[in-house]
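Below: one structure, written as structure tokens.
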Amino acid sequence: MAVIDLADEINDTDNDAGKKDIHIGIIANIPRELMTGIMNQPESGGSESILDNLNKKEHTPTLYRDAIIDQLMTVLIGESHPNALLVGPAGTGKTKIVEELAHRIEIKDASVPELLYGCTIYSLQISDIVAGSSMVGELEEKVKSLVEFLSNKDNRAILFLDEFHMLFQEGLYEKIAQILKPALGRGMIRVIGATTTQEVKNIDTDPAFKRRFTKVIVDELSKDQTLEIVNVYVRKLADHYKMPFNYDEELGRNIVDIADEYCSSNTHRPDNAVTLADRAVANAVVEKYKLLNSPDINLQNMGRSINGVNLSRRGIIRTALKVATGHNEPKDFSEDELQSELEYIKGQDDVLEQIIKILRLRNMHVRPMNRPLTFLFAGSSGVGKTEVANIIARYCTDEKPIRLNMAEFYSEASINRLIGAPAGYVGYDSNAEMPFDILDTNPYHVIELNEFDQAHKSVQDLFMNVFEEGYLKDNSGKIIDFSKSIIIATTNAGRMDESNPIGINRKKRDISVSELSEHFKIALINRFNHKMTFHEITREIYEDIMKDTYMKEVQMIKQLRPGVALEDELPDFELKTLCDKSFDVRFGARPIKTTVCNYIDSRLMEGWA
12 MAVIDLADEI NDTDNDAGKK DIHIGIIANI PRELMTGIMN QPESGGSESI LDNLNKKEHT
72 PTLYRDAIID QLMTVLIGES HPNALLVGPA GTGKTKIVEE LAHRIEIKDA SVPELLYGCT
132 IYSLQISDIV AGSSMVGELE EKVKSLVEFL SNKDNRAILF LDEFHMLFQE GLYEKIAQIL
192 KPALGRGMIR VIGATTTQEV KNIDTDPAFK RRFTKVIVDE LSKDQTLEIV NVYVRKLADH
252 YKMPFNYDEE LGRNIVDIAD EYCSSNTHRP DNAVTLADRA VANAVVEKYK LLNSPDINLQ
312 NMGRSINGVN LSRRGIIRTA LKVATGHNEP KDFSEDELQS ELEYIKGQDD VLEQIIKILR
372 LRNMHVRPMN RPLTFLFAGS SGVGKTEVAN IIARYCTDEK PIRLNMAEFY SEASINRLIG
432 APAGYVGYDS NAEMPFDILD TNPYHVIELN EFDQAHKSVQ DLFMNVFEEG YLKDNSGKII
492 DFSKSIIIAT TNAGRMDESN PIGINRKKRD ISVSELSEHF KIALINRFNH KMTFHEITRE
552 IYEDIMKDTY MKEVQMIKQL RPGVALEDEL PDFELKTLCD KSFDVRFGAR PIKTTVCNYI
612 DSRLMEGWA
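Written out as structure tokens, the structure reads:
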């Protein structure tokens, strides 16, 4: 039994040189009739069985998949519709299951029915059939040649198609499905397909094709099962990197836990843990070589540590953050920097103190990150709610926040701007970027929902599920991961209720639930981790903010134009005049920026007159 990868063999046209390792480490060449009929390539040399190749590369057994392999064999030996479709989240090992089946058939494992003895599994990338089919009818001839080869009982061939959902894309791919359909229906050929739980919905568009396949569900492995796989895999990495490293089961458990907590929800066990283990060792090896080549290194003091690589929980976490965010140096939380920046927010000391404590606790990772950290900031306009959210984004994630003006989502139909149009509606197939697409590549973001009370109730309900479950499924079936994000909703609703305080600290910053319930469902209010009221801006605080704003503006101008005739500090009489003209408790500190800039502009224009 051999697994043959057509995509690898296409590029090899020499005779004996045509043999090459494919990703599963099995060597085999394509039979002449398949090469000439489908790929229009010269005749290749002989084939090499899996047993021959196992002498060169050790076979790694596929653990905890016996039941799925048994189900797969049951489908393949069936008389009617012997076609299986492996369906499971990305990274659960669907391709590895097919490779394990190939190995068991080759060695005639006791679990394999005799009906499968001598079979060959051909791995074919769907895109390789389409490649080079520029002439009319050329694609059809290729697929017909493929069907003819697969249906020949003497060949005992089974076709494996990864990315199976591609057959249902419009254009040339769809033609392949229609040509295969009659042969599948008559049971003339045997096919194994593999696709993800999100993309399997594409197959539902063709019920006739769908009923020719039996679904075989490939679930995510448990943590304990993944740990055993990681233990087997990691011990082989020392040979690959040619450098020993410390490893024990506790470190393996750290790898599995960290992979679950820090990596994107679009990755799954065991692949997320195996990938993290490989990257962690690779990063440690790179750091080791940098250290060895440093001019300041003292080899005698390093002793035995130069002979190997040390893995630590912190190093694995940093690797996981690199994998999740794509950043070479993930942002470290600096409480001092955050506190220093928040000092510019006046009149909200008790609120800011509590926010810093909450973020400090989050950075300690005392709980799994399976749900977003959520805040509800309530208070009048101009009290600093949005500015605090911006500062948190800058110092906790080093990324621009995802900012949504929820007043724009006032209608029920506006929910489509967040999750896409439903199937059958205009825009369902659109590739336009959605607000939360960026979470696919970096789930560590601050999300600002400004004026959340202005959003339609259906939009609010959508986020209620996000707060509770940590993810959102859009209308295309894609899962959006919010579990690593910080979500800050702001509202002008709510007031301080000192007579009946609620919440964490039971101080002035707590919100009156009775007033919030006029704008939000009680269930939604209770989904927020932290609810805080920002105090109104008093005249005294207003003056302090204006002084700071003036100094910042003057410093910026003098950096650009040294020697400008402006006082470094705003004179007291000018401060009083400007505050008398602009202060209004309803607007908070919002008028200050415009007032100060207009004053500075007028002073500059007077100097030019």
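Counting with my numbering, you get residues 12 to 620 for the letters of the sequence shown. In this text, a Cβ means the ideal position worked out from N, Cα and C, and glycines have one as well.
Residues bridged to residue i [DSSP beta-bridge criterion]
i       : result
Lys-226 : Leu-96
Thr-131 : Ala-168
Met-543 : Phe-388
Ala-205 : Leu-97
Glu-151 : Glu-151 pairs with nothing; no bridge assigned.
Leu-460 : Leu-415 and Ala-500
Under 9 Å between C-beta atoms of residue i and residue j
i       : j       : result
Gln-3   : Leu-74  : With the chain covering only 12 through 620, there is no way to say anything about residue 3.
Ile-108 : Ile-79  : yes
Leu-415 : Glu-459 : yes
Lys-592 : Thr-605 : no
Gly-99  : Arg-280 : no
Ile-187 : Ile-140 : yes
Phe-179 : Thr-225 : no
Val-245 : Val-292 : yes
Gln-359 : Gly-395 : yes
Met-417 : Val-362 : no
Leu-135 : Leu-112 : no
Ala-500 : Phe-447 : no
Ile-369 : Leu-349 : no
Asp-165 : Lys-105 : no
Ala-284 : Val-267 : yes
Leu-577 : Arg-614 : yes
Leu-581 : Met-562 : yes
Ser-425 : Asn-503 : no
Phe-420 : Gln-465 : yes
Asp-451 : Asn-277 : yes
Ala-534 : Met-616 : no
Arg-673 : Gly-129 : This structure cannot speak to residue 673, because the chain is shown only from 12 to 620.
Thr-397 : Asn-304 : no
Phe-171 : Ile-132 : yes
Reference residue i; option with closest CA among the options
i       : options                               : result
Leu-353 : Ser-392, Lys-368, Ala-331 and Val-399 : Val-399
Leu-586 : Phe-598, Ile-611 and Gly-574          : Ile-611
His-176 : Glu-210, Ile-132 and Thr-225          : Glu-210
Leu-191 : Glu-174, Asp-230 and Glu-151          : Glu-151
Glu-346 : Ile-403, Leu-322 and Val-334          : Ile-403
Ser-422 : Met-199, Arg-382, Asp-165 and His-467 : His-467
Arg-197 : Thr-208, Glu-185 and Arg-222          : Arg-222
Glu-159 : Tyr-184, Leu-195 and Glu-174          : Leu-195
Ile-356 : Glu-580, Lys-558, Val-470 and Glu-90  : Lys-558
Ala-295 : Asn-257, Cys-274, Glu-261 and Gly-263 : Asn-257
Leu-126 : Met-562, Thr-85 and Glu-239           : Thr-85
Phe-539 : Leu-372, Ile-426 and Glu-479          : Glu-479
Val-297 : Leu-322, Asn-609, Tyr-273 and Ile-132 : Leu-322
Met-445 : Val-334, Leu-483, Lys-212 and Ile-269 : Leu-483
Leu-332 : Val-123, Tyr-273 and Leu-372          : Tyr-273
Gly-574 : Met-199, Val-565 and Pro-582          : Val-565
Ile-449 : Lys-411, Gly-481, Lys-253 and Glu-419 : Lys-411
Ala-270 : Phe-474, Asn-304, Leu-238 and Pro-72  : Leu-238
Thr-71  : Arg-115, Ser-138 and Ser-91           : Arg-115
Asn-374 : Asn-401, Arg-382, Ser-351 and Cys-407 : Cys-407
Asn-427 : Ser-487, Phe-594, Asp-451 and Arg-167 : Ser-487
Glu-261 : Asn-277, Ile-568, Lys-234 and Pro-255 : Lys-234
Asp-472 : Ile-536, Glu-149 and Ser-351          : Ile-536
Val-241 : Ala-219, Ala-121, Glu-117 and Arg-264 : Arg-264
Phe-2   : Thr-560, Lys-253 and Pro-193          : The question about residue 2 has no answer, for the chain in this structure spans 12 to 620.
Residue i at chain C interface by Cβ criterion, 9 Å
i       : result
Ala-194 : As a matter of chain content, chain C is missing from the structure shown, which is built from one protein chain.
Hey, is the stretch 551-565 in contact with the stretch 365-381, meaning 3+ C-beta pairs nearer than 8 Å?
no
Would you check if the stretch 203-210 and the stretch 87-100 touch, i.e. whether three or more CB-CB distances between them fall below 8 Å?
yes
Is there contact here, the stretch 320-334 with the stretch 284-301, by at least three beta-carbon pairs under 8 Å?
yes
Counting Cβ pairs, one atom from each stretch, are 3 or more of them under 8 Å apart for the stretch 482-496 and the stretch 444-458?
yes
Does the stretch 543-550 come close enough to the stretch 589-604 that 3 or more CB-CB pairs lie under 8 Å?
yes
Can you find at least 3 beta carbon pairs, one from the stretch 380-394 and one from the stretch 427-434, that sit closer than 8 Å?
no
Unbroken alpha helix (DSSP H) runs of length 4 or more, entirely within the stretch 463-492: which are they?
Runs found: 468-480.
In chain order, which alpha helix (DSSP H) runs of at least 4 residues are fully inside the stretch 366-427?
396-407
Threshold first: 4 residues or longer. Then list the alpha helix (DSSP H) segments lying entirely within the stretch 211-291, N to C.
218-221, 234-252 and 260-273
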